[in-house]
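In this note's numbering, the protein residues as written are 35 to 188.
Next up, the structure:
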């Protein structure tokens, strides 16, 4: 939800974390803006540029398999999924949104690795543009926060 009350959290520290990012190319203007905001926030949180692996896939349905490859490779404290699905005139929107979301969640649970899911789903392009920067930043913050939390819980 845009401008939602996300609760308060202290400072996040991304130093020493290794993060994998999978970015869908479909709706590239939006996913590119998501990535730009995400990468800037990761840098601001102290994640080193060389500790970020960033790959591209055709669309949101391909994101989970690339996340799975990162998880199988190992060495990552968190992963980030970036994509944009805009409603069209057919049922395809629901299929892509539901299946990509389920795939991202399955990889996170199967491999016990936090995945910040910033595959945004909107009714139109204007909604996507309105969310692209905040959701990109949010993805970086979620990845760092959850990486730190899981490290504490292990």
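Note that CB positions come from ideal geometry on N, CA and C, so glycine has one too.
* **C-alpha gap between residue 108 and residue 147, whole angstroms** => Just so you know, the alpha carbons of residue 108 and residue 147 end up roughly 10 Å apart.
* Top-ranked residue by Cα proximity to residue 69, from 178, 188, 167, 177 -> Of 178, 188, 167, 177, the residue nearest in Cα terms is 167.
* Between the C-alpha atoms of residue 59 and residue 161, what's the straight-line distance to the nearest angstrom? -> Going by the C-alpha atoms only, they are around 18 Å apart.
* **CB contact flag (residue 115, residue 151, <8 Å)** => If you check the CB distance, residue 115 and residue 151 come in under 8 Å.
* Asked: The beta strand (DSSP E) spanning residue 155 covers which residue range?
  -> According to the DSSP assignment, residue 155 belongs to the beta strand (DSSP E) that extends over 149-156.
* To do: Please determine, among 81, 144, 91, 183, the residue with the shortest C-alpha to C-alpha distance to residue 117.
  => Nearest option by C-alpha distance: 91.
* Express the C-alpha separation of residue 149 and residue 71 in angstroms, rounding to a whole number. => For residue 71 and residue 149, the distance between alpha carbons rounds to 17 Å.
* Asked: So does the region 71-90 actually touch the region 48-57, counting three or more Cβ pairs closer than 8 Å?
  -> Yes: at least three Cβ pairs fall under 8 Å.
* Where does residue 87 fall in DSSP's three states? -> In the structure shown, residue 87 adopts extended strand secondary structure according to DSSP, grouped into three states.
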